[in-house]
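What follows is one structure encoded as structure tokens, with my remarks underneath.
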Amino acid sequence: MLRRWVVASSIAIFASKAVAEEVGPQATEIEYDEFGDAQVEDMALLQQKQHLKVPPRNPNSSVPYLIPLRRELSPVIRRGQVVSHRASYSGVIHVGFPIPQEFRVVFDTGSAHVVLPSVNCMSQTCIIHERYDISASETGEAIYLDGRTVPPGRQGESVTIGFGTAKITGDFVRERICFGPSRDLPGPCVMSQAVMATEMSPRPFRQFKFDGIVGLGLPSLALNTNFSLFEQVVVSEQLPFPYFSFFLAEGDDGEMSEIAIGGYNPKHLLEPISWVPMAKPELGFWQVHITAVYVNGTKLDMCDSGNCHGILDSGTSHLGIPSSSSDLLNDVLTQPAGATKDCRKSNGPTVLLEVNGLNISLYPENYMRLLPVPSDVLGNTNITVSPGVVLQDKPSEEETEFNGTHGELLCTPKLLPVSWPEPVGPNVFILGEPVLQRYYTVFDWKHQRTGFALAAHLRPPRREALAGGAEAPHLEDELVMLQVTVSVSFARVVRV
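In mature numbering (1 follows the signal peptide of the UniProt record, and there is no 0), the protein residues as written are -20 to -1, 1 to 476.
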């Protein structure tokens, strides 16, 4: 799921303090910079404010709440064979009181709303998922966009939200929402406004097991701040620090992905965190300024104009490239497969993105698809974003039958051509799974900056310093949960 762009500055020099904390069963050390705000509101007072009978989450206020994320693959089939996979990462939340309703959701930095299926959605796409039932909750109520309660028998409002590769329509509710599963000790809980979907596009919701979305984009991307779940959590002062952080892993060696709410998990870091300020946060995206792009030390001219930006998007499985340069970069990175069965082990070039004085380096293990692809099944997938419309001219994965011989096997990069008008585009990158797997990423809500550090995986990554300076045809397999259109309208009767 995607959002926006720009930033310019150098690495922030920060003083740190070591705080003893327990991450899982063992105590470890965690470093926070001088901006860390460790004040936590008394939970009893918070419960009184929100009328919630919730026990204290954790007696140690310096510990972030860790939610395991499950990586799920959806196969892409062309001409009778699996040629690639879409990937998603999802964790558990629960909503409602006193009987919690659990949902598996994608935590998406590229959108800004909580979206869950409603029991009022009867399509095949919805009924295969968990669905929210407002009648089963004492804390849920149907509302208008401005937060007023919808009286019984009165007409409510609905919203349609378009993502890069998805679309939903739903009704507004205000409800108690908690991070993590309902068993044992839950994570932070707040009252927040959300969208309960009455219509959901088959792609991707029918192709994956996750039920909905928790948007973690900045508040300006939401309909209003009351729809921003993380904003409500930060304001409630339940978090030790106003951060959330991602550790994404492929999981094929048993390694578990994770989101940390209220801090970061030091066991996933190979180096100190380097901070980059966000650019134009009023647009709502976690966006950084990209000053240059290099391939094997050779600078490309795609960012010479000085207006390239990258949107950090945990809901996108690919590396998005401005459409004007995508063919060039795709050609440079595509390699003959030869006898290679795993293209991540191919001898492809190194890609380096210069981001505000930092080097974000990517290798074939980060940007290549796993499986070699016959040259004759390569297509051209393009996400075009314009005011009020998302154009997706894409064939179904199983639309065509094989009627000839396959071409040469190629190792192809997970690139996604992106067309986006101003003020976000046109030179916008989407920094999805290829970047977020290699780098542990920390999102500082209060100071609107992002931290990067090489992630400590079970399989050691190639080492590349984050210091400044550079070193001397597409398959329909992307998942893009980038919020691009929002429209509100009067809808059916929602209360009886």
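By construction, the Cβ of each residue, glycine as well, lies at the ideal position given by its N, Cα and C atoms.
Rounded distance between the beta-carbons of residue j and residue i, thought under 8 Å
i    : j    : result
Y420 : L249 : 6 Å
M180 : C101 : 6 Å
P199 : S208 : 4 Å
Q173 : I123 : 7 Å
L201 : V139 : Going by Cβ atoms, the distance from L201 to V139 rounds to 14 Å, so no, they are not a contact pair.
I193 : S297 : Wrong, their Cβ atoms sit about 15 Å apart, outside the cutoff.
V422 : S225 : 4 Å
G412 : G300 : 7 Å
T149 : M258 : About 30 Å separates the two Cβ atoms, so there is no contact after all.
Residue environment, residue i, which counts as buried when at least 16 other CB atoms sit within 10 Å
i           : result
V213        : buried
E52         : buried
G76         : buried
C391        : buried
I47         : buried
I108        : exposed
G242        : buried
K147        : buried
Q104        : exposed
residue 560 : This structure does not reach residue 560, given that the chain is present from -20 up to 476, and the question cannot be answered.
E309        : Checking the displayed sequence, the identity of residue 309 turns out to be Leu instead of Glu. With 16 or more other Cβ atoms within 10 Å, it is buried.
D281        : exposed
Pick from the options that is closest to residue i, judged by C-alpha positions
i    : options                : result
C283 : I108, L396, F409       : F409
P78  : E238, G120, C323, G150 : G120
L96  : D151, S42, E118, L280  : D151
V99  : T178, P252, Q428       : T178
I291 : S341, V415, G142       : V415
Q315 : S303, I301, S355       : S355
F83  : L49, P393, H65         : L49
E155 : I107, V398, P166, Q81  : Q81
F87  : E217, G136, S237       : S237
P184 : R324, I73, V85, M348   : V85
G286 : V268, G295, S297       : V268
L395 : S306, D164, N206       : S306
A54  : V43, A67, S42          : According to the sequence shown, residue 54 is Ser rather than Ala. Among V43, A67, S42, the Cα nearest to that of S54 belongs to A67.
M176 : E110, E235, V398       : E110
V312 : Y223, T278, V94        : T278
G195 : W400, H93, P252        : H93
G197 : E217, G133, F143       : F143
Y69  : P261, M348, A229       : A229
D293 : M348, H65, T89, H74    : T89
Start and end residues, beta strand (DSSP E) containing residue i
i    : result
Q187 : No beta strand (DSSP E) contains Q187, which DSSP labels as neither H nor E.
N339 : 338 to 342
C169 : 169 to 180
S399 : 395 to 399
S138 : 135 to 142
S225 : 223 to 227
A146 : Taken as a continuous stretch (DSSP letters only), A146 belongs to no beta strand (DSSP E), as it is neither H nor E.
H289 : 288 to 292
D113 : From DSSP, D113 is part of no beta strand (DSSP E); its letter is neither H nor E.
S254 : 254 to 257
R429 : 429 to 434
S162 : Premise fails: S162 is in no beta strand (DSSP E) and is neither H nor E.
F195 : In the sequence on display, residue 195 carries Gly and not Phe. That run of the beta strand (DSSP E) goes 192 to 195.
E82  : 81 to 88
Enclosing alpha helix (DSSP H) for residue i [first to last residue]
i    : result
R128 : Where R128 is concerned, there is no enclosing alpha helix (DSSP H), given that its DSSP letter is neither H nor E.
R418 : 413 to 418
E211 : 209 to 216
C106 : 104 to 107
S306 : 303 to 313
Chain D within 8 Å of residue i, Cβ atoms only
i    : result
V408 : You won't find chain D in this structure, because it holds only one protein chain.
Closer than 7 Å: residue i CB and nearest the ligand COA heavy atom
i    : result
N407 : Of ligands this structure carries none, so the ligand COA is not represented either.
Counting Cβ pairs, one atom from each stretch, are 3 or more of them under 8 Å apart for the region 332 to 352 and the region 266 to 285?
yes
Would you call the region 422 to 438 and the region 102 to 122 touching, i.e. three or more CB-CB distances under 8 Å?
no
If you pair each beta-carbon of the region 157 to 172 with each one of the region 124 to 136, do three or more pairs fall below 8 Å?
no
Please determine if the region 320 to 330 and the region 297 to 306 are in contact, where contact requires at least 3 C-beta pairs separated by less than 8 Å.
no
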